[in-house]
Structures are given as structure tokens and as C-alpha cells.
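Report on one structure; see the data block that follows.
Numbering (the working numbering), first residue to last: 206 to 1163.
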């Protein structure tokens, strides 16, 4: 008889629904196998033929960390395109490269950690480059486009599985693992949650990653919002992946839990499904989960729920159906189409900030190109390795001809003279030495080591001229004549070994510290000074290690950057100053900026160029906004670091081959004084972003000029079927084909609470030939007009008139019309029946929101000074049984800690003081205290918090 192979198990049967197949596979896994799946690097189960799987392939603007790949503009640059079709195509290209690279390298994962949808609330945030916009509508529209591109169009199988970063209210790198973002309910629901919600509801998101920070006193990795909000927005199984090391932070740095078993159990119960901790070694996480199970903190069903969500993603990626996976053969890498798309994206991201007529450049112009970024094509922490590169200088050479372009970088060229009279010298390197950092790919590039195969620096009588750049705040880089940067490897020796500054801890930055008649040279990566030792220059350690003291250097300036700029600028028809930032220095992950100002070195270069030639164009290539005096330039442009095609794309815009149509995705403020504190997340109370800012910005949200002109006409609006249908006509009145970004805003005319000055409802990027017109239509759901009513605990559309504004930016409004919405009328707070949740205030001063318990709920505490104020509007205290008698006669305060709560009506005197008396045993030990309080009718209620207490609830009776 012929032996027949055993039938395939149900989890291999592509005819069955995924849910049944996942049930079957779960039933076949042992408890230990299921626990092992909870780590980022889930091991293979060979007996079942289940392969290993890892979460977390970085893909923010191209495939990152895994070697050469197509590099698109930074995320903030993609946001500046205001072009959802383009961004969808970029996402599709990235996902095809993920598939192509995985076919050659199994380290490349299909669960991509992108995009970042944190709102760019504060321009000093170090990771500004990773977000799309300060506006939730624009952010979610761009993120939705990118995730749809990453996912692919097949109804069942996904090309890659996108995970949104970083949940939630995460806009500071300073102490990011221990700071708490105080987010009032209106800001939470109208601002921070909205970008996530709209993107998830669009249907192409596989999961989210919680952020390192805390929100309202509770770490994001144990946030109840994962259950209460995120998983309520979709029927899909969303995979929640922790950020790297964050599970351990719950105990080690945040001290939120006493043991790692408690912390791991709380994270899993909150909704975390995959733990990114301890690198590729899953044994520590597995031991913590088993410990939690043994202590009864978790059940096997809790583990099953998390594993199920991971398996759901793996099934959707086609892992278990290789013959049916429509994406298995769709990989494409570094194709002509991808190169062209990188160029298109870079060009569409360029924003023309101002222009007095000097742009576009004349075809026969003699151009001086100067500045620290003029011949640079910078990458950032989440970039792949460049296959192709185009700098602004190279782009202008190609477009105008090298004979018409002069160049001065503007670095200070220096010699470093030792106290012995010798000079720092860079030995010759082997001809074959080189290669970009990370070109071979790395699962964790933070672990990449510096090069030790090159000779260390020495000191001799002649020395080597170095290019010194001050990137701001005294942070310097030093570059050898062959382009290599001075760096320090693990052995402590200085070498000219880096192609660019980079790494998790940058080893290519220094600071000159005045010392006697010279300077000490501090290496910032190690925090040690440079010394001259027998084996070469190195960073100084204890004398017993190398026997050398820090060297005192004299800085001998051979030529200043300003002199070089002046020399080339004077002989040109126009000067293009390319300024900006290095994405690894002074503003990056782990490091916030301290100022909006351009670094002083670059301000000097700009001033030198302007003094030599009034026709000076400033091009800012940066990951974030700057504050500068636009009147010192004939024209100014901004682009994020634009990826591999940035230089050629910029040259086409400067030449007028392409009319610029990028738009600012965030407000550019004129001065640091316009900014709130970095840790102040109350965008309403402190009037942040274009939504609430009442000052005059340097350049407003949505701003961007064109080489063409456009007219707007015929704005109409009607309300039907739960939507506002809005149309206007836009005409190109210029003499060239160009794009216009038509923006639609709304404003509540007579709101009962503080509402945005204007709020983006929609936008369209359109292309029009000279004289051509287009009707631009918007269908806006009426829910877009809603705000979070703290009295109801729900979103509400307020009845009344709303002004609709169409224009070219948030401040360049061309047309207005109005609609009247029915909405839901407001009602006083029924405080006698429901009391007041402390965090549901209308206004506050001097307070912050904290966690009521470790699991859920909010409380309010005074911030810093020990005193704070809360205001609750329109509180209905009712009336007594007899006419004219008050509705309440007593108040009950639920609080912990120590201190007192003072109650008053409107602006009146204190009517009751409720003291806690003896301090409670801890922050989560709440007591209820009663006191007489007489009130009737509808009044605003003011609570004064005195002392270090946590107020959770106020109740009334009578």
C-alpha cells in the first residue's frame, strides 16, 4: 500500500478564516513556546514548521539600518509636500524595497515601525524630523497615505505591517523616560489622540508603539487608553510593540513598579503584545512572564491574547500561505522608478518662504554657492545607507554648469598647535579605507563600533589643516582634508575615520574649552579631554591608564569661513547660502534643541554673504524650523533633509524648472519667547500651534510661495447627509504651470469655550497650467466641527454659525463663507447628581494631571509651588425641595496626600475649605472628607488646591 502524507494542520489551510487558523496554531503551541513569542525576536518552532519572527523594521522614509536603500525626504519633508498621492507612492516603494531586501537578508522584517504620528507641537523637540505636522488633520492624512502604501492594496494579505509611533503625547527628549505629559481631556481627544485615531480608522495600521514617557503620571506602556481608545477604533487585531528597553524602564528608571514581574504583567494586561528589551535575547522577558504567571499576576489566557494579536499580523503578511502571498514576488529595489520618485518627493517638499524677485535664477547667472550644507547630503538616525547622493552644489553644477558656479564651504580652516610647539597631524590612510557607517546593515546600529583599522592622529612639526565647524552651543566637528571626520573608537585613540558624524552616541563632536592661553579639546562622546600620548592622540583617562594630561591647544586660524564666503560672493551675480543642521548634532533623538536661532557660525556666514552681495538667497536644509531675520535675504527657502535626490531637486526649483509648492507643516515662530515650556503639553491653555497661537509668526502654518499666482473664487457650502459640502474655484493667473495647495479651514463664530482661531478641515494639491481653472471640492464630516465637552465626557458639535475659510495658508485666507450647524446644545453640569471628576476642568493654573491609580483614572495635583486653581463652568447645584432653598448643603472631596481644597463660586469668596488632616499613607490611598457647602442654581465653581494633595473627585449632596 502507498503511504499518504498526513494532512496539513488547519493553520496551514488557506481556505479557512484567519481566526480559525490562529485558534488551531495557538492550541498546538506549548505554554513556554507562547511565552517566547512575547519577545521582539520570537524564536522558531521547528516541530510545527513555524519560522522565527521579529517585530520592528525601521522604515520612516526608506528602509533603515539594513544597509543601502532608497532614501526619501525626512518625514517632516514628506509632510511639507501636502501630497497624499505622492506619500502613498513613497510608502509603496518603501514596502517593495522591504520585500526585496528580505529576500536577500532574513534580518529584514516585514513588521515596519513607521510612520511617526506624534504631532509637532513644539519646534525644539529633538525628533521634529520624524513627524509630519503640528496639525492632527494633516498628520493623519499623510500617515494614512503612507500606511496604505506600506500595506498594499490586496484585500487579505499585506505587503508590510505598519506600526504607528509613539503612543502618546511624546514631544520631549529631555528626561523622556521619566517625564510625565500633563494632558487635559480636551487636548487628549481633540489633539493627541486624533492623529492616531483617524489613521487607525483608515484601515491600514497593524499596531502602535507606546512611547517612553508617562502621560498624566502613568507610563504609556501601561496606559488604559490602549484598551479604552485604540482597540475601540477598529475590529482588526492591533499589535502593540514596546519601545526598546521601555519594559525595564518601568522598574529601573521610572520606579513605577517594585518588580519586573509586576511591570511585565501590567504591560501585558494594558495591551502590550511584544516586548522590545534586552536586544535579541528573549530569555529575560520570558522569565519575567513565567514569574508573573507563577505569582498569579497573569493567566495563560492573557498570554494567549497577546500571542493571538502577533499571529494575526503574521497571517496577514502571508507567512503561512507562501503560495498564495500576492506580495512574495513584488519586491523592487533601487529601480529607476524609485529614483525618480525620490527626486519628485524632494522637489515637492521645497518651500519658498520669501522672494523679492531674485528667483528663479537666470539661465546665465554666475552663482556663488556657500555654506556648511552646500556640498552635503545628510542622512539621519532612521535613514538607510545612501546608494545615490546629490548635494546642492552638485545639483547646481549639473543644472548651470560648473564654470558658472563658485563654491566656498565656509568652514574655519585651522591648525591645532600643542604646548610643545607641534601640530595635530592626520596620517595618510590606506587607499581602500572608507565605507559608510552601517553599510552592511545592523539590527541595532547603536552597537556599531568605531573603526580601529586606521592610524591614530599624531603631532609633528607641520601638522594637518582641519575644517572646523561650530554647529551651535560650542559643539564642533573637525574634518581632515580627505573628508574624514575625527572620531574616537573604543580604544580611546583619535582617528580621521568617519564618513559623517553619527551613531547613537556621536563620537565625532568636540568642544574647545578656554584654558590658560589656549584651549582644552573636550571629546563629547566620552566626556574626556584629548591628550598627546606615546601611541598617538587619545582621550585622557586616569593617569595610571595612559600617563598623559589633557593637552592645551592653540587654535591657529589659517582662513576663516567668512573670508572664504566673502571672496566668492563678491564676484557672483547671486549667492546661495545653504545653512541648516546636521541631523546627528544638537537636536535629534535623545537631545532637544535649546533655541530656534541659527548657530552663530552660520549667522556669520550669512552676514558675510549679504555684506558682499545683496542678491543673497538663503536655503535652509533642516529637520526643524529656525528663527532668522528674513529681511537680510533676497529670497529664502526651506527643505527638510531631502534624501538621495535633494541637491538635484533643489537646483531644479532654483532654476525655475519646477515651481515650488511645498507648504510649511508647522508654525515657524519668530523668537524663543513665543514658545511655551518644552514640557507644557496644554496646547489650549498656553496657546500653542497655529490653532491657538495669538502672536505674529515668522511664517505661518501652511505657508509657501510659488513662481505662479493663483486666484480663488466662488466659495460655496451646503450641509446635507451629515457632511458639509464645500467648493471653490482656483485659477492659475501666472505664466507657468504650477501646483497650488488649496487649504480649507473652519472657525466657530460664537463658541462657548476656547476654540481654535482656525482649524484645518481639508486640503488639495492641484496642478494648473497658465489660465486653467479647477473646482476644488471638500466633503467634510460634521464630526470635524466637534470639540470634547468635558461636562459630558464626549465629543459634541456645538450649534451655531461656523466660518469656512479657503486660502493658500492659515493666514492667507482668500475666501470666506458660513454654515449654520444644528449640533447639540450645551447643558450645565449636573454636579448634584454626578459630582465632578477633578481632571474635567475647563481652565486651570498651576496644576498637573496625575494617575488616580496605577491602572486607570486621573487626579489633579498642584505643580511645583504647592498651590493650583481649577475652574468648572456652569455647574448646576439645583434647588431644594422648598422654593428658594439651595440645592446642595455639603461637599465631599476624594483625595490623597495632605493639604486642603478651597471652594468658591465665580469670583466670590471661599465658601468652604475641606482639609485632609492626617496625610494619607501614599499617593493612591484616597480618603473622602465632607464639609458644609451651600449653593443653588448654576454657577462657575473654582477649586483652590493647597498643598501636595491629589484630588480625584468632588461630590455634592443636599
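Heads up, the beta-carbon is just placed ideally off N, CA and C, and yes, glycines get one too. Since the structure is predicted, the reported quantities are computational estimates derived from the model, not experimental observations.
Let's test the definition: count the other Cβ atoms within 10 Å of the Cβ of residue i and tell me whether it reaches 16, buried, or not, exposed.
i, result
"residue 460", "exposed"
"residue 996", "buried"
"residue 678", "exposed"
"residue 284", "buried"
"residue 216", "buried"
"residue 212", "exposed"
"residue 257", "exposed"
"residue 344", "buried"
"residue 209", "exposed"
"residue 749", "Because the pLDDT at residue 749 is just 43, under 50, the model does not fix this residue reliably, and the point stays unresolved."
"residue 334", "buried"
"residue 975", "exposed"
"residue 836", "exposed"
"residue 1030", "exposed"
"residue 432", "exposed"
"residue 294", "buried"
"residue 1147", "buried"
"residue 527", "exposed"
May I ask you to list the residues that DSSP assigns as paired with residue i?
i, result
"residue 937", "915"
"residue 608", "Answer by DSSP bridge pairing: none, since residue 608 is not bridged."
"residue 690", "684, 703"
"residue 414", "370"
"residue 629", "664"
"residue 983", "931"
"residue 950", "965, 1010"
"residue 233", "Answer by DSSP bridge pairing: none, since residue 233 is not bridged."
"residue 262", "317"
"residue 1001", "992"
"residue 1091", "1084"
Taking only three categories from DSSP, how would you classify residue i?
i, result
"residue 1039", "helix"
"residue 215", "helix"
"residue 282", "helix"
"residue 434", "coil"
"residue 394", "helix"
"residue 1063", "strand"
"residue 758", "strand"
"residue 572", "strand"
"residue 316", "strand"
"residue 496", "helix"
"residue 223", "helix"
"residue 454", "helix"
"residue 553", "helix"
"residue 1078", "strand"
"residue 444", "strand"
"residue 1073", "strand"
"residue 425", "helix"
"residue 1050", "strand"
"residue 1163", "coil"
"residue 990", "helix"
Answer yes or no: do residue i and residue j have a C-beta to C-beta separation smaller than 9 Å?
i, j, result
"residue 601", "residue 856", "yes"
"residue 914", "residue 938", "yes"
"residue 1140", "residue 1121", "no"
"residue 619", "residue 763", "yes"
"residue 946", "residue 866", "yes"
"residue 482", "residue 458", "no"
"residue 538", "residue 264", "no"
"residue 1015", "residue 966", "no"
"residue 869", "residue 822", "no"
"residue 921", "residue 931", "yes"
In chain order, which continuous runs of the beta strand (DSSP E) of length 3 or greater are located wholly inside the region 281-366?
316-321
Give, in chain order, every unbroken run of the beta strand (DSSP E) that is at least 3 residues long and sits entirely within the region 459-527.
none
Ignoring anything shorter than 3 residues, give me the beta strand (DSSP E) runs that lie fully in the region 1095-1161, in order along the chain.
1105-1110, 1115-1120, 1132-1140, 1143-1151
At 3 residues or longer, and completely inside the region 707-791: list those beta strand (DSSP E) runs for me, N to C.
715-720, 723-728, 733-738, 741-744, 757-764, 779-785
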